[in-house]
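In numbering that gives the first Met the number 0, the protein residues as written are 0 to 133.
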Amino acid sequence: MPKLILTKREDELMNFLWEMNQPLTVEEMIEKAGDHSWNETYLRTMLRSLENKKAVECCGFVLRTKLYARQFKPAISKEEFYMQLAMDRGADEETLFHVAAAAFMKRNKDDPEEVIRKLEEMLEEYKSKVEDEE
């Protein structure tokens, strides 16, 4: 995937879409915007830009009155985006693995068995990817 560079406004919209975790039309985004003061023109412009950057994709159509509205969803996960960002800034895969493991341990500090089980799963997944590449 090519390097994805987002403006502050694009980053804000992407975080909103990741948080919503479902395909949305422009009208639905405006309805669910909460604290955001987005209007239709703004959203259409931002979505066009994000579509050109391959950050969002059209994933369906919904009939709204007599016309169809496009639904959008992120084309990249939040985790993939931030991993790419960290790697672009010099982090290597091993460092990212350690950070992910430490974050998981911090979130689940009350259940050490779950931490061990999840870390073992992560290691097995990594091993199978390495074996598939060979």
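Positions of the beta carbon are idealized from the N, C-alpha and C atoms, including for glycine. Note that the coordinates shown come from a computational prediction; the quantities given were computed from them, not determined experimentally.
1) Express the C-alpha separation of A68 and E22 in angstroms, rounding to a whole number.
2) In whole angstroms, what is the alpha-carbon distance linking M19 and E112?
3) Is L84 helix, strand or coil when you go by DSSP?
4) Leaving out five residues before and five after F60 in sequence, what residues of the same chain have Cβ atoms less than 8 Å from its Cβ?
5) With a threshold of 7 Å on Cβ separation, who are the neighbours of V114 within its own chain once the five nearest residues in sequence on each side are excluded?
6) Across the stretch 3-17 and the stretch 41-57, are there enough close Cβ pairs to call them in contact, namely three or more that are closer than 8 Å?
7) Which of helix, strand or coil does DSSP assign to L66?
8) For the candidate residues G89, W17, T24, whose alpha-carbon lies nearest to that of E39?
9) Identify whether K108 lies in helix, strand or coil by the three-state DSSP scheme.
10) In its own chain, which residues sit with a C-beta less than 8 Å from the C-beta of W17, not counting the 5 before and 5 after it?
11) Are the CB atoms of A100 and L84 within a distance shorter than 8 Å?
On the basis of the data shown:
1) With the sequence shown as reference, residue 22 is identified as Pro, and Glu is not the correct amino acid for it. C-alpha separation (whole angstroms): 12 Å.
2) 31 Å
3) helix
4) Y67, A68, R69, Q70
5) F103, M104, N107
6) yes
7) strand
8) T24
9) coil
10) P73, S76, K77
11) no
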